[in-house]
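Numbering (mature numbering (1 follows the signal peptide of the UniProt record, and there is no 0)), first residue to last: -18 to -1, 1 to 762.
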């Protein structure tokens, strides 16, 4: 704010150049003629010289010709023409074609082919107002400043020789070896090469990357940026924004702080958090501070005839223009008014028209897509070559495959799996810096750290230096004028539109079928996602918790590790490791490996349908289970209920090497137990605490995320030591404080059976007609 006020003050000061109150000449401050080829007096007030060299207050003024004259109050003026050269004590040299100089104020007005040389800084324009006393200059109607490889052009500019600061206004374009900057208001320091922005600004890199801000600073020497208002970084299909943004171009690192968003439209990847670190090299993003990843999947794509008709109607409406739609609406309104008037006159028409109305009621359509949200202590994602990705061969077969009781399969889920985080940093140790300043060194370097050209000693009077090439100045001036005219300046709205479009693109379901068996080119790339510690997932019909998750986009495979637990409707699923694969935007298969367990609540009682095995494999059709295989010491325990009285009647317990279940429209149509079958039916009154649960049973509804907000603010924290009778998991909020007391585990004694609620969505299991032997069951 201070710099902006200073800029406005400067505008006021320079606009007052032409309004300086005339003051009489001070004796002893007159201009002194050092040399000339010829000198003559035109009258008592005008002295004309050819090739004169004048000295005034340490500066020399030379030209091809010049007139020195005084006004009525004794003020001296010098009008010079042709090859004007001004040399100052500081070493700054000014060239021009014409000069009007007022000795009392030391104000010089230079026109045509103006060039100011201040060490490594060169200013060129066609009109310059320069105060030789304060060493301040300004140009209007176009000019440029070149310094240490940076070229800046603008319509207006103000240059301060002493502080080496320049202020640019209107159509500002900065060209450096690595970036081009477009803005309307900028301050630039030629010594440190720091640029400060006070309005919409685009910094475009030579490789296509772009930085946008409305307030911030950029160092053109080191490629370091610090932004803090409406910031956005884009590189190809990737977008990064935050309340504060730090960027190091040479290292290819971008850091965002507070309200961070990262989007990759190519990979349909979206993540948010309070701190994000992006690396251009592998296009990786590290997110902490309640990080969140969104993944869009398709819902059931089955449609009916009315849905198709509605879709056709919608497409037809899209093809009509707004004017045509308004015309149709007006015609409909007119017809309705005419019909109402006719019905008032003849009431029988209302009954006839009612019979003609469409009898098909509108259907509530299911959304075409659904969104899965995932959070953890740390989220990390990067792009790798497909050839470096190792897809898992889970040996899944929709027909069940060969029955194997003891053969172990390597699923690639070792506990010491290398997560390959940047700089070998432990995931749990990654935290967001509290302030932007602590994240990286300060942008501005101290004067002692930056090489500075030595200040030249005052220059004594000497022969006139060679004038600059006026043709070259005119060429560059014209080129800069064309550049400014064609430059597209940011208006302040583009960044919001770009981010909105990116979010819309990322939140659409990916329609590309991904198959790990497809052969990719050596240059093909894919994105992977890793979530570490206290992973939670929420979807409208599925929720999950785990210690870590790995996801590969090339085959859309989720790997849940570290005591994973998944809930869907009234069911709870757990195993040592859970694999879930999505194909064509919809669930395709899932594998529960080692200690696989599925639990389902029965009615509103504390009884549970249960299924367990060494592994459970599920295949899906339209996001619903199509086939289910339970292998390795398979067990199924089901409570049968009376549909009329909503009470439990008996319990069925099935043991075998494999249980195969086939479903259709979410109903079991085939149930088979294979090898070493042991099936029993117990009347409900004979069910005891010992036989109503399977070994390894665990029911944890308190760990289930209830919403996206609940998922972000509450996590499961595992304790090392668990006293007898207490839960092994403790619920805590994000700050580590205990949350509301969790519900205790259900007692296993027989409760009263209530008949108030209908049955919950049960696991696919059913009681056979006989207690022994493999048998296909007929479902009524």
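Where a beta carbon is used, it is the ideal one built from N, C-alpha and C, also for glycine.
Under the DSSP assignment, residue 65 falls in the beta strand (DSSP E) whose first and last residues are 58 to 69.
Here residue 455 carries a helix assignment [DSSP, helix/strand/coil]. Taking 3 residues as the shortest admissible run, the region 119 to 199 contains the following complete beta strand (DSSP E) segments, listed from N- to C-terminal end: 125 to 129, 132 to 136, 138 to 142, 147 to 157, 161 to 171, 176 to 179, 183 to 187 and 192 to 195.
Counting along the chain, the unbroken alpha helix (DSSP H) around residue 477 starts and ends at 476 to 488. DSSP places residue 242 in the uninterrupted beta strand (DSSP E) bounded by 235 to 246. The continuous stretches of alpha helix (DSSP H) do not include residue 536, and DSSP gives it neither H nor E.
Contact check for residue 156 against residue 133 passes: the beta carbons are separated by less than 9 Å. As DSSP reads the structure, residue 462 sits in no beta bridge. Here residue 683 carries a helix assignment [DSSP, helix/strand/coil]. Exposed is the label assigned to residue 370, since fewer than 16 other Cβ atoms lie within 10 Å of its Cβ. Rounded to whole angstroms, the gap between the alpha carbons of residue 212 and residue 162 is 19 Å. Nearest in C-alpha terms to residue 561, of all of 569, 643, 554 and 573, is 573. Within its own chain, the residues whose Cβ lies closer than 8 Å to the Cβ of residue 117, once the five positions on either side in sequence are excluded, are 70, 72, 74, 142, 143 and 144, listed in chain order. Here the region 231 to 249 lies against the region 203 to 218, with 3 or more beta-carbon pairs under 8 Å apart. DSSP places residue 693 in the uninterrupted alpha helix (DSSP H) bounded by 690 to 695. Note: residue 645 is bridge-paired with 650 in the DSSP secondary-structure output.
DSSP, reduced to helix, strand and coil, places residue 601 within a strand of the structure shown. Pairing residue 186 with residue 200 gives a Cβ-Cβ distance that is not under 9 Å. Residue 18 holds the alpha-carbon nearest to the alpha-carbon of residue 31 among 37, 18, 40 and 38.
When the alpha-carbon of residue 140 is set against those of 152, 524 and 184, the nearest one is in 152. For residue 273 against residue 358, the beta-carbon gap comes to about 7 Å, under 8 Å, which counts as contact. Nearest C-alpha to residue 62 among 82, 68 and 55: 82.
Counting only residues of its own chain and dropping the five nearest sequence neighbours on each side, residue 214 has a CB closer than 6 Å to the CB of 194, 223 and 477. Within the same chain, Cβ atoms closer than 6 Å to the Cβ of residue 238 are found at 222, 224, 227 and 258, the five residues on either side in sequence being excluded. In the structure shown, the three-state DSSP call for residue 75 is strand. Straight across, the Cα-Cα distance linking residue 93 with residue 66 is about 10 Å. Spatial neighbours of residue 146 in its own chain (CB-CB distance under 6 Å, excluding positions within 5 residues in sequence) are listed in chain order as 171, 172 and 173. In the same chain as residue 23, and ignoring 5 residues on each side of it, the C-beta atoms closer than 6 Å to its own belong to 29, in chain order.
Contact check for residue 513 against residue 356 passes: the beta carbons are separated by less than 9 Å.
Here residue 638 is not near residue 663, since their CB atoms are 9 Å or more apart.
Look at the beta carbons and you see the region 101 to 110 not touching the region 33 to 45: under three pairs across the two are nearer than 8 Å. Within the same chain, Cβ atoms closer than 6 Å to the Cβ of residue 598 are found at 574, 578 and 612, the five residues on either side in sequence being excluded.
For residue 85, the CB contacts under 8 Å within the same chain, skipping 5 residues up- and downstream, are 7, 11, 12, 13, 38, 57, 58, 59 and 60 in chain order. Distance from the CA of residue 523 to the CA of residue 628, rounded to the nearest whole angstrom, comes to 25 Å. Look at residue 468 here: in three-state DSSP terms it is helix. In the structure shown, residue 380 falls within a coil segment according to DSSP collapsed to helix, strand and coil.
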